[in-house]
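Throughout, my numbering is defined as the position within the sequence shown, counted from one, plus 27.
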Amino acid sequence: MKILRRLLVVAVITVLVPVVALLAIAVSARFSDGPSVVFAGGPLLAGEMVTGAEPDWSFIRDMNTIELQLLDPPRSRLVWIAESEGKIYVVSGYMGSMIGRLWKQWPAQAERDGRAIIRVAGQRYERALVRIVESPVVEGVISDLRRKYGFSATPDDLREGTTWLFELAPPGTRSGAS
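Pasting the structure below:
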């Protein structure tokens, strides 16, 4: 009986320690300046806020991810980025599944209030996330996502809602090409 009790204590500790450690990391990430690879982070605070004319976004073609923070709620995450015809876009897959909708809440939050800040190469930019369901730009964006990530979504996936695409438009933009 003593051996069984000790084995049970060891098993509980073996499971409990990693779970508590992961929870602690997740909670601390929420108060950090930016996301970690796994966990959403707090507001993007560091870096110069770039204002003025729209930048030439062509340098985005060589970047795999950027940091994206919604203003409401003020949490940040790493997202894939695409550039097409001088504009930039982010995408969220798995939106047609229950797990995807629980795991990725930011797309629905962005659709409600698209105000955002992105941090790219240490500089911050104010943006407005505008969901795109149908648009002539879709083929070019999907092509860039396919080139960079092997992304397999199609325009039908956008129309069906299993994949969500957002333009990172200049601040104040709310009407999309959907």
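Cβ atoms here follow ideal geometry from the backbone N, Cα and C, with glycine treated the same way. Note that the structure is a prediction, hence the values are computed from the model and not measured.
Just so you know, the alpha carbons of residue 126 and residue 149 end up roughly 32 Å apart. The alpha-carbon of residue 115 is positioned some 53 Å away from that of residue 36.
Between the alpha carbons of residue 198 and residue 177 lies a distance of about 30 Å.
By the criterion of a C-beta distance shorter than 8 Å, residue 100 is surrounded in its chain by 136, once the five residues flanking it on both sides are discounted. If one requires a minimum length of 3 residues, the beta strand (DSSP E) runs lying completely within the region 53-128 are 75-77, 92-97, 103-111, 114-119, in chain order. In this structure, the alpha-carbon of residue 121 lies about 22 Å from that of residue 145.
For residue 180, there is no enclosing alpha helix (DSSP H), as DSSP marks it with neither H nor E.
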